Structure formats: structure tokens, C-alpha cells
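Residue numbers (full-length UniProt numbering): 1 to 264.
Every residue, glycine too, gets a C-beta built ideally from N, C-alpha and C.
Keep in mind the model is a prediction, meaning the values are calculated, not measured.
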């Protein structure tokens with residue numbers, strides 16, 4: 001039952017070229033930065049990443065982007081990462097933009113054994129009708145330059161409290177590996193996330209066939225209050241305990257300050 005491994009490098013050693021990774025975090029909050037660094041150092045390439053966004057230019061998934069290791073990205077947000085936008089517009093990266101709530105539910109469904117679900121989000125738009133540019137040809141960004149476009153999705157009308165309503169079918173996401181960061185974790189893989197760092201981490205942990213968690217504080221089994229556990233150990237296969245220095249390194253995506261004494 002002891003799922004701890006001695007290093008991040010050991011934890012990601014079996015990730016191979018072409019793997020699909022689900023990565024927790026929101027912006028730079030709660031991202032598994034140590035595991036991402038280990039993936040970068042391992043040299044694997046041609047990866048598909050599923051995450052809310054791609055970090056920033058010099059941190060998080062932005063490091064894998066800059067090194068040319070990502071082939072495809074499934075995300076809901078492109079902002080704050082110039083290299084992400086550049087690669088997409090230059091036809092170097094395939095990007096499947098997905099509404100944020102839909103992305104979260106696709107990941108949760110993948111971990112729950114639900115193959116697909118209907119949602120009202122995206123009905124009447126290209127999300128449902130297809131034609132969203134996933135990849136450009138590298139020549140331009142006009143309609144004629146779309147190399148890969150999103151397919152049309154099945155829609156169906158259901159009776160609701162407000163009357164008949166149209167919904168669109170979305171497929172679950174299951175990843176080969178999931179990388180997450182937790183505030184506390186025990187040797188059995190039970191995880192607790194702190195405040196807003198909870199974000200996409202529990203969802204990513206659910207949808208990975210092999211889930212690897214880096215934890216800021218490793219505790220012994222029985223030390224975590226069961227009522228406080230956000231991700232049960234059944235979803236987690238490997239646990240990496242961070243050093244105090246690694247746990248303390250948390251970058252701010254956008255630092256906004258004001259002069260001392262200045263009113264808000």
C-alpha cells in the first residue's frame with residue numbers, strides 16, 4: 001500500500017513519447033511544477049496535455065511548450081502564455097479549446113467511468129456545430145488555412161423544467177498519466193488540496209490511468225481526517241514527497257501591488 005517513490009524522476013520514468021497527460025492546476029496555482037520539470041528532463045516528446053491552461057512562458061507547462069515537447073493541448077484558456085499562442089497560430093501546435101466547465105466535467109466523467117454526457121454549454125455555437133480551428137497550416141490563420149477543425153457533435157433535445165431544451169454530447173477524457181500537486185498526502189495516496197489550489201487537481205487525479213502526486217507534506221496513514229480527504233488513494237498510484245525548498249517555490253502569475261498606505 002506504500003505508494004511513495006524516492007524522486008520525481010523515478011515517478012515519471014515510464015512516461016513515453018506520445019503519451020496523454022492530464023495536469024492539475026489553474027494558471028500557476030497548484031501546478032505540479034516538480035513533476036513537470038521531471039518530464040522535461042526525461043526528454044519525452046510528442047505529448048498531449050490536458051489542462052485548464054499552459055502555464056506561462058517560463059514555468060509550468062510553458063517549459064514543455066518552449067522545448068517543443070507538446071504536440072497537442074486540450075485547454076480552456078490560452079492567455080498569459082505568448083509561446084502557446086505563437087505555436088498555435090503558427091501551426092506548430094494542435095489546440096482543442098473547450099469551455100472550462102465542460103473540460104472539468106469531461107475529466108471527472110473519465111474518472112467516474114462515464115463515457116459521455118450531454119450539456120447545454122456550446123449549443124448553437126461552433127463547439128457543437130464544428131469548424132473550430134484546432135490546427136493551422138503554418139501559412140496563415142484564415143478559414144482556408146485550417147488544417148484540422150473540430151468535428152460536429154451530436155445534439156439531442158430533452159425535456160427540462162423550462163421546457164424542451166437542446167444539449168450537446170461531450171466525450172469523457174481519460175489520460176495515460178495524471179500529474180497533480182497536493183498540500184498533504186499520505187503513503188496510501190490520499191490527498192488534501194489547500195484552498196484554491198484544489199481547482200483542477202482532483203479532476204486530473206481522477207482521469208489518469210496512472211496518477212502521480214507531488215505532495216508538500218507527506219504524512220503517515222491515519223493522520224489525515226477522512227472527512228478532509230479530497231482525493232481518495234484509490235485514484236493515486238504514486239506519491240512524491242517534496243523537499244521544503246520545492247514545496248515553498250510557488251510563483252505568482254500576475255503580481256499586482258500598490259504603494260504602502262495607498263487605499264485600495
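Scan the stretch 157 to 196 and note each continuous beta strand (DSSP E) run of 3 residues or more that stays entirely inside, going in chain order.
163 to 171 and 175 to 186
Would the stretch 151 to 164 and the stretch 185 to 203 be scored as touching if the rule is three or more Cβ pairs under 8 Å?
no
In chain order, what residues of the same chain have a beta carbon less than 6 Å from the beta carbon of residue 235, not counting five sequence neighbours either side?
205, 206 and 211
Cut-off 8 Å between Cβ atoms - residues of its own chain near residue 37, not counting five sequence neighbours on either side
8 and 63
For residue 40 and residue 79, the rounded distance between their alpha carbons:
22 Å
Is it buried or exposed, residue 252, if we count other Cβ atoms within 10 angstroms and call 16 or more buried?
exposed
Presumed contact (8 Å Cβ cut-off) between residue 90 and residue 70, rounded CB distance:
Contact flag wrong, Cβ pair sits at about 13 Å.
Could you check whether residue 149 and residue 131 sit closer than 9 Å to each other, using their CB atoms as the reference points?
yes
Check whether the stretch 6 to 26 touches the stretch 220 to 228, counting contact only when three or more Cβ pairs, one atom from each stretch, lie closer than 8 Å.
no
Excluding the 5 residues preceding and the 5 following residue 85 in the sequence, name in chain order all residues of the same chain whose CB lies nearer than 6 Å to its CB.
78
Uninterrupted alpha helix (DSSP H) stretches inside the stretch 32 to 83 (no shorter than 4 residues)
33 to 42 and 61 to 66
Tell me whether the beta-carbon of residue 182 lies closer than 9 Å to the beta-carbon of residue 216.
yes
Taking the alpha carbon of residue 127 as the reference point, which residue from 231, 65, 99 and 22 has its own alpha carbon closest?
99
Is the beta carbon of residue 42 sitting closer than 9 Å to the one on residue 74?
no
Between which two residues does the alpha helix (DSSP H) holding residue 238 run?
Segment 238 to 241 is the beta strand (DSSP E) holding residue 238; no alpha helix (DSSP H) there.
What is the rounded straight-line gap between the Cα of residue 22 and the Cα of residue 261?
43 Å
What did DSSP end up calling residue 26 once you bin it into helix, strand or coil?
strand
Is it buried or exposed for residue 87, if we count other Cβ within 10 angstroms and need 16 for buried?
buried
For residue 220 and residue 241, I'd like the C-alpha separation in whole angstroms.
12 Å
State the Cα-Cα distance for the pair residue 53 and residue 238, rounded to the nearest angstrom.
24 Å
Cβ neighbours of residue 233 in the same chain (closer than 6 Å, five flanking residues each side left out)
188, 189 and 190
Going by beta carbon distance, what residues of the same chain come within less than 7 Å of residue 97, once the five residues before and after it are set aside?
75, 76 and 132
Residue 209, enclosing beta strand (DSSP E) - first and last residue:
208 to 219
Neighbourhood of residue 208 by C-beta distance below 7 Å, restricted to the same chain and skipping five residues each side:
22, 175, 177 and 178
In whole angstroms, give me the CA-to-CA distance for residue 159 and residue 244.
54 Å
Quickly, what does DSSP pair residue 139 with across the bridge? List them, please.
The partner list for residue 139 (beta bridge, DSSP) is empty, contrary to what the question assumes.
Using three-state DSSP, classify residue 235 as helix, strand or coil.
helix
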